[in-house]
Structures are given as structure tokens and as C-alpha cells.
Amino acid sequence: MRKSDWSPGQYLKFEDERTRPANDLLSAVPNQDVKFAVDLGCGPGNSTELIVKRYPYAEVLGIDSSADMTAKAKERLPGCEFATAHVDTWTPHKNADLLYANAVMQWLPDHDRLFPRLMGFLGAGGSLAIQMPDNLEEATHVAMREVAADERWAARVTQANATRSEIGTASFYYRLLRPHCHRVDIWRTTYNHPLQGLDGIIEWFKGSGLRPYLSLLNEEERAGFLDKYKQRLAQSYEPMDDGIVLLPFPRIFIVATR
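If you want it as C-alpha cells, here you go:
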């Protein structure tokens, strides 16, 4: 799924939680002298802002396939350049010191082709930094696929199951990237986000994982989909006495440095 119809406002409802892994990824980049950095899949600019703060003298470019996202990012960071482009076909005007991809590569296929291609856009000492949600087998996403199979809409929305790419193992990415660099750092972290009940989980994923499904339904069907999704979530997530639900959210991180 391309991000052309994504809502910056919905995505930013959980800006602090979404920015934390972006910051964790950036803090692991070893490069100190970054002159040209690119935020691949920059979204509304929350991750781009982190790059600007760490490298205040660098030229920073943000690209995203959603014009709404790049427009929002430009409002946030008027001193940066943003462009609407697809990460898997984009080519930089010069070699970069940092290619930073926070929560975008899971939407793109053919990592075995794409990641080495991006490594070729780095100068000596440059880093490719990637963070991807690794949650396709979490109850939240199993429930999405189960609800998508409902006969009321299955013929249209089960295709959305394929919009997310399967994430490889750490060994897969290490073997893939090691021939193109001198250092590969890979780790996996599970964040536990406190959300306000099952509705909080739904609001979270309405800004990301649920969008491919909901975009294929009319308003009435969306309500039916979300109602059934909430019923399914109730089988796996139990609110605490204060109504809070902890959402486990595993993510994989990769920093490959030439």
C-alpha cells in the first residue's frame, strides 16, 4: 500500500510513542560528521526533526510517497527540503552520509534487492539506519486478517493482507548487508505502550496497520469491521482496573555502516 491517502493527524495522535523508536534508531548511528542526510518515508516530519537536532549543520532531505505527509513535514520544518517520491524508486542527487528509514520498509517488498541498492547511495563511512515493526504475528495483526476474512467484505479486503512485507530474521539481514559494509548492528526491542482500553489500540492502528483494510470499505462497512475487530481484540487484551491496556510492540533495528 502506498501512503498517498494516509492522515498525518491520525498518525500523530501517538507522536511521542511513535517517535521513541525513531530516536532509539538515530542514537545508534555511529556517524558524527553527517553533511547530507535523507529521511526515507519521513511522514509528518517527527523523525526528520530528530535528524535536524542531532546534525544541525547537515543538509537534510525528507521524502515520502504521501503529498499530505510531506506538506505537513514542511509546515513543521520550513528550513528543510521535502519531496514526494517512492523510496523503492528514488535516487539521490549525491551520495549520502545517512539514509534513515523509520517504520517505512515494512510497506515495501524485495528487501533483498532494495537494501543493497540503498547501500550503494552511501559515501564512505555512511550508514543505512532502518527500523521496522515486527508485529505481523501479534494478536493485533492476526485479528486484522481474521476480520478481513469475513464474508461481508473478504472478496475486497483480503488483498490488504499482502500490503505488509514479511520481516526477515536478524541473520537474514546480516548476511544481506555484510558484503556491502564493514559493520552491521541488528537488534530487536519490544515496547509496551499503555493505551486507553481497546479503543486506544484501534486508534493506534487506524493510523497505520488498519489503513489498508479500512481504505477499501465504505463508512458503514468500516464501522462493522472495527466493531468485529474490537470483539476479537477483547480475546487477547484485558484492560487493567484503570482501563489501561499494555500494547506489546516488537520492532527490529538495523544500522549498516560502510
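Quick note: the sequence shown uses the working numbering, first residue 427, plus one each step. Virtual Cβ for every residue (Gly too), placed ideally from N, Cα, C. Just so it is clear, the structure is predicted and the values come from calculations on it, not from any experiment.
Taking the Cβ atom as the reference point for each residue, do ALA454 and PHE651 lie within a distance shorter than 8 Å? Stepping through the sequence shown from its first residue, residue 454 is reached at position 28. Stepping through the sequence shown from its first residue, residue 651 is reached at position 225. Taking 8 Å as the Cβ cut-off, ALA454 and PHE651 do not qualify as a contacting pair.
With burial defined as no fewer than 16 other Cβ atoms inside 10 Å of the residue's Cβ, what is the status of GLY546: buried or exposed? By 1-based counting over the sequence shown, the position of residue 546 is 120. Exposed: under 16 other Cβ atoms inside 10 Å.
What residue range is occupied by the uninterrupted alpha helix (DSSP H) comprising MET570? Here residue 570 refers to the residue found at position 144 of the sequence shown. Where MET570 is concerned, the enclosing alpha helix (DSSP H) stretches over 565-574.
Pairwise C-alpha distance: MET666 and LEU624: Translated into the one-based positions of the sequence shown, residue 624 becomes position 198. Translated into the one-based positions of the sequence shown, residue 666 becomes position 240. Looking at the two C-alpha atoms, the distance is approximately 11 Å.
CB-CB under 6 Å to VAL423, same chain, minus the five flanking residues each way: which ones, in chain order? There is no way to answer for residue 423, as the model of the chain reaches only from 427 to 684.
Which residue from GLU475, ASP490 and ILE489 puts its Cα closest to that of TYR483? As a working note, residue 483 is residue 57 in the sequence shown. Checking every option, the nearest Cα to that of TYR483 belongs to GLU475.
Based on the DSSP output, what are the partners of ILE489 in its beta bridges? Along the sequence shown, read from residue 1 onward, the residue named residue 489 stands at position 63. Partner(s): LEU466 and ALA509.
Mapping the DSSP letters down to three states, classify VAL671 as helix, strand or coil. Locating residue 671 in the sequence shown gives position 245, where the first residue counts as 1. Strand at VAL671.
Residue of ILE628, ARG648 and PRO456 minimising C-alpha distance to ALA660: Residue mapping note: residue 660 aligns to position 234 of the sequence shown, counting from 1. Minimum Cα distance to ALA660 is reached at ILE628.
Does the Cβ-Cβ distance between VAL460 and LEU524 come in under 8 Å? Indexing the sequence shown from 1 puts residue 460 at position 34. Indexing the sequence shown from 1 puts residue 524 at position 98. Cβ atoms of VAL460 and LEU524: closer than 8 Å.
Does DSSP classify GLY626 as helix, strand or coil? As a first step, residue 626 must be located in the sequence shown, where it is residue number 200. The answer is helix: DSSP assigns GLY626 an H, G or I state.
Return no unless some Cβ of chain C is closer than 8 Å to the Cβ of GLU501. The structure shown contains no chain C; it is built from a single protein chain.
6 Å Cβ shell around LEU544 - same chain, five flanking residues per side excluded: What you label residue 544 is simply residue 118 of the sequence shown in a count that begins at 1. Contacts found: LEU525 and LEU554.
Meets three-Cβ-pair contact criterion under 8 Å: the stretch 639-658 and the stretch 562-571: yes
On the criterion of 16 or more Cβ atoms from any shown chain inside 10 Å, does LYS429 qualify as buried, or is it exposed? Here the question's residue 429 lines up with position 3 in the sequence shown. Its pLDDT being 46, under 50, LYS429 is placed unreliably in this model, and the coordinates cannot settle the point.
Relative to the C-alpha of ALA574, which candidate in HIS619, SER641 and ASN561 has its C-alpha closest? Sequence index remark: in the sequence shown, residue 574 carries index 148 (1-based). The residue with the shortest Cα to Cα distance from ALA574 is SER641.
Tell me whether the beta-carbon of ALA499 lies closer than 8 Å to the beta-carbon of GLY471. Locating residue 499 in the sequence shown gives position 73, counting from the first residue. Locating residue 471 in the sequence shown gives position 45, counting from the first residue. For ALA499 and GLY471, yes; Cβs fall inside 8 Å.
Give the secondary structure of TRP613 by DSSP, where H, G and I count as helix, E and B as strand, and everything else as coil. On the sequence shown, residue 613 is found 187 positions in, with the first residue counted as 1. Looking at TRP613 - three-state DSSP - the assignment turns out to be strand.
Have a look at LEU503, ASP450 and TYR617 and flag the residue whose alpha-carbon is nearest the alpha-carbon of GLY469. What you label residue 469 is simply residue 43 of the sequence shown in a count that begins at 1. If we check each option's Cα against that of GLY469, LEU503 comes out closest.
Fully enclosed by the stretch 624-665, which beta strand (DSSP E) runs are 3 residues long or longer? none
Just list the residues that DSSP pairs ARG677 with in beta bridges. Here residue 677 refers to the residue found at position 251 when the sequence shown is read from its first residue. Per DSSP, PRO559 and THR615.
Name the one or two DSSP bridge partners that THR683 has. Here the question's residue 683 lines up with position 257 in the sequence shown. Its beta-bridge partners are SER553 and ARG609.
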